[in-house]
Each structure stands twice: as C-alpha cells, then as structure tokens.
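Peer 1: My structure is below; once you've seen it, I'll send some questions.
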Amino acid sequence: MPPPRSPRRWQRRKEARPQELTAAALALFVEKGFAATRLEEVAARAGVSKGTLYLYFDSKEDLFKAVVREGLVPLLAAGESMIAQSTLPAEDLFRAIVLRWWELVGSTPLGGLPKLVFSEARNFPELARFYADEVIERAKRLLAQALQRGVASGEFRPFDAEDLVLVVFSPLMMRLVWKHSLGCCGVPGPSDEVFLREYIELMLRGLRADPKPQSRTGRNQSGSMGGTAAGIHTLMT
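For the sequence shown, my numbering assigns the number 1 to the initial residue and increments by one for each residue that follows.
Below is the structure:
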C-alpha cells in the first residue's frame with residue numbers, strides 16, 4: 001500500500017507565500033515604482049492568484065509595509081545588537097557598520113527603497129512617514145549611538161551626535177538614489193567599492209579627535225612665529 005501523501009510540501013508552500021509575495025512586491029516596486037505596480041502583477045510574479053494575495057494583505061499599502069518590516073526592520077535590530085555587543089574601537093565599528101549595511105541593503109534590491117520612497121513621497125505621504133519612522137529614524141538613532149561612543153572614548157572630536165548624524169547618513173542615501181536612478185541610465189560614477197572607501201575615509205577624517213599638540217619645550221617660540229609670518233608673507237607676495 002503506498003504511503004500516505006505527506007502534507008509537508010504544501011505546508012511549506014503555504015507558509016512561504018507571504019515571503020514570496022513580499023519578495024515579488026519588492027522587485028516590482030523597485031522596477032516600476034509604487035504607483036505603477038499592480039497587485040495582479042505581484043501575484044503573478046509570486047506564482048499565485050490575486051485572491052490568494054488578498055488572504056495575506058488587504059492592500060498595496062499593507063504589502064509595502066510588510067516589505068519594509070520583513071526586509072529592513074530585522075536588519076536594524078541586528079545592527080543595534082551589533083553595536084551593543086561590540087568592543088571594537090570607534091573607527092573600526094563605524095567602518096563595520098557601513099560595510100555591513102552595504103552588504104545587506106545597498107547591494108541588494110532593498111537598496112532601491114530609498115529612491116522609491118523619495119520619488120513618491122508627495123503622492124503617498126502616509127507611506128513616506130511610515131518609512132521615515134520605521135527605517136530612517138531608527139537608523140539615525142543606531143548611527144548616533146555608534147558616533148557617541150567614539151566621542152565618549154575620546155576617539156572622535158566632541159560634537160552633538162543628534163545634529164551630525166544626518167550629515168553622515170545622507171551621502172549613503174544619495175548613493176542609493178543615484179544607483180537606482182541615474183546609475184541605471186548609464187550616467188558614469190564611481191564604483192561601489194571606490195565610493196565606500198572614499199566615503200569612510202572622508203567621514204573618519206572629519207570625525208577624528210584633533211591630535212594633542214606637541215610639546216614646545218626648548219623651541220624658540222618667537223623664532224617659530226617669525227618663520228610662520230615669513231611663510232605667509234611669501235605666499236601673499
């Protein structure tokens with residue numbers, strides 16, 4: 001007698017459907033934009049009927065929120081845990097955060113979400129506010145925590161991390177907007193590798209604490225000032 005049919009394959013399939021739908025939605029949102037994506041297309045991309053999609057999501061807005069909560073929120077939680085447990089020096093921690101973020105977000109389809117949100121925020125302000133609250137504000141707090149640790153240890157110069165964090169955060173967002181807009185049209189720009197290397201170096205140069213002044217014991221201070229004045233005079237003449 002043949003063994004009874006195992007329900008496991010169908011059970012796995014049913015449990016996987018929300019993830020299949022959010023993956024299909026992410027791909028289409030990034031390719032076409034939120035407004036232009038139809039739920040029929042999402043269902044077809046996931047290999048299910050539109051009716052099946054509605055078993056899991058009430059609307060396209062709910063589907064977008066699920067994409068964010070499934071794809072980005074867990075990564076932010078992992079980043080917060082990483083910072084809390086890290087014993088790295090501040091510079092190494094900053095570098096690790098940026099490179100890990102690029103690996104998990106910037107180099108994946110999730111990296112297309114900032115451009116999507118920024119371009120459609122005026123028409124869908126509720127979704128833009130949702131993204132800002134769930135992702136941007138949380139990412140800013142995460143980064144501010146890492147920066148403040150460097151200030152507290154004396155590795156970074158004194159600054160208000162709350163004020164500076166957007167200055168540090170914005171170039172990364174702009175890189176993703178470029179990558180998923182002008183970059184798709186063949187407009188030349190630096191490779192991801194070059195951008196990340198130069199971005200990290202530029203940021204760390206601005207964040208580092210000023211080196212302690214060297215002792216001037218035994219130096220002829222008047223002579224030193226005289227040499228400086230002479231150099232300035234030479235440059236101006």
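Ideal placement from N, C-alpha and C gives every residue a C-beta, glycine not left out. Predicted, not measured: the structure shown is a model, and the values here were computed from it.
Among M82, V117, S49, whose alpha-carbon lies nearest the alpha-carbon of E31?
Peer 2: One-based indexing of the sequence shown puts residue 31 at position 31. Nearest option by C-alpha distance: V117.
Peer 1: Quick one: grab the DSSP three-state call for R208.
Peer 2: If you number the sequence shown from 1, residue 208 lands on position 208. Strand at R208.
Peer 1: Which residues mark the beginning and the end of the alpha helix (DSSP H) in which F94 is found?
Peer 2: Mapped onto the sequence shown, residue 94 falls at position 94. Run containing F94: 90-101, per the alpha helix (DSSP H) assignment.
Peer 1: Can the beta-carbon of L308 be found closer than 8 Å to that of G71?
Peer 2: Look at the range of the chain in this structure, 1 to 237, and you will see that residue 308 is not part of it.
Peer 1: With burial defined as no fewer than 16 other Cβ atoms inside 10 Å of the residue's Cβ, what is the status of M203: buried or exposed?
Peer 2: Within the sequence shown, the letter at position 203 stands for residue 203. So M203 counts as buried.
Peer 1: Who are the near neighbours of F156 in its chain, counting only those whose CB is closer than 7 Å to its CB and skipping five residues on each side?
Peer 2: As a first step, residue 156 is located in the sequence shown; it is residue number 156 there, counting from the start. A90, L147, G150, L207, R208, A209, listed in sequence order.
Peer 1: Classify V67: buried if its beta carbon has 16 or more other beta carbons within 10 angstroms, exposed otherwise.
Peer 2: Residue mapping note: residue 67 aligns to position 67 of the sequence shown, counting from 1. Here V67 is buried, its C-beta having at least 16 other C-beta atoms within 10 Å.
Peer 1: Do P18 and Y54 have their C-beta atoms closer together than 8 Å?
Peer 2: Here residue 18 refers to the residue found at position 18 when the sequence shown is read from its first residue. Here residue 54 refers to the residue found at position 54 when the sequence shown is read from its first residue. At the C-beta level, P18 and Y54 stay beyond 8 Å of one another.
Peer 1: In angstroms with no decimal places, state the Cα-to-Cα distance between S81 and P74.
Peer 2: Locating residue 81 in the sequence shown gives position 81, counting from the first residue. Locating residue 74 in the sequence shown gives position 74, counting from the first residue. In this structure, the CA atom of S81 is about 11 Å from the CA atom of P74.
Peer 1: When the Cβ atoms of the region 33-51 are set against those of the region 131-141, are three or more pairs found closer than 8 Å?
Peer 2: no
Peer 1: Leaving aside the five residues before and after F159 along the sequence, list all residues of the same chain whose C-beta is less than 7 Å from its C-beta, in chain order.
Peer 2: In the sequence shown, the residue the question calls residue 159 occupies position 159. Hits under 7 Å: V151.
Peer 1: So, is A36 buried or exposed, given that buried needs 16 or more other C-beta atoms within 10 angstroms?
Peer 2: Residue mapping note: residue 36 aligns to position 36 of the sequence shown, counting from 1. Counting Cβ neighbours within 10 Å, A36 comes out exposed, since fewer than 16 surround it.
Peer 1: Answer yes or no: do P211 and M173 have a C-beta to C-beta separation smaller than 8 Å?
Peer 2: Position 211 of the sequence shown, counted from the first residue, corresponds to residue 211. Position 173 of the sequence shown, counted from the first residue, corresponds to residue 173. Not closer than 8 Å, so no.
Peer 1: Please state the DSSP three-state secondary structure of F34.
Peer 2: Working through the sequence shown from its first residue, we reach residue 34 at position 34. Reduced to three states, the DSSP call for F34 is coil.
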